[in-house]
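Residue numbers (my numbering): 732 to 892.
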């Protein structure tokens, strides 16, 4: 059977692993949010570029009417991509917030356990010191009793002579 100290040590390691997993989940969720944000920015930049090319094609006197339509279609595609990415953002942000809360809860649990273990170790140290002091006191009490007993015998032998 394992001692309570070993079980608590295992529990401490388990809590630390849970905290690490929760932290990794937060990092993953935040990375997904950042990726979606960069996708929106990239799509909007590509849309602006396509609209600029469309405007340039419209301004050319000998421009092909098909060319500006292609540029407009490309711009619309990028706009749709930006909208799709931006619609996913709130859900991803909520997921990241939930993961962050889970991480903080795991962290609080581990910190509570650490405090409990520290307190238990301090109480154990105090108890060991108390027992040690009691053992020393008992040793001296026994020695004093023994010495007083010998002194009484010596006094009674002297007085009987």
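Ideal Cβ positions, reconstructed from N, Cα and C, are used throughout, including at glycine.
Asked: For residue 791, three-class secondary structure by DSSP; Found: coil
Asked: Residue 738 versus residue 838: straight-line alpha-carbon distance, rounded; Found: 19 Å
Asked: The region 767-785 contacting the region 843-855, beta-carbon criterion three pairs below 8 Å; Found: no
Asked: For residue 809 and residue 791, the rounded distance between their alpha carbons; Found: 24 Å
Asked: For residue 863, the three-state DSSP class (helix, strand or coil); Found: helix
Asked: Whole-number beta carbon distance between residue 743 and residue 844, since they are thought to touch under 8 Å; Found: 6 Å
Asked: Exposure label - residue 832; buried when at least 16 CB within 10 Å; Found: exposed
Asked: Close Cβ partners of residue 823 (< 6 Å) along its chain, the five nearest in sequence each way excluded; Found: 763, 764 and 767
Asked: Same chain, Cβ closer than 6 Å to residue 775, neighbours up to 5 away in sequence not counted; Found: 813
Asked: Residue 806 beta carbon less than 8 Å from that of residue 798; Found: no
Asked: 7 Å Cβ shell around residue 816 - same chain, five flanking residues per side excluded; Found: 767, 770, 771 and 774
Asked: Proximity to residue 828 [Cα-Cα], best of 749, 759 and 751; Found: 759
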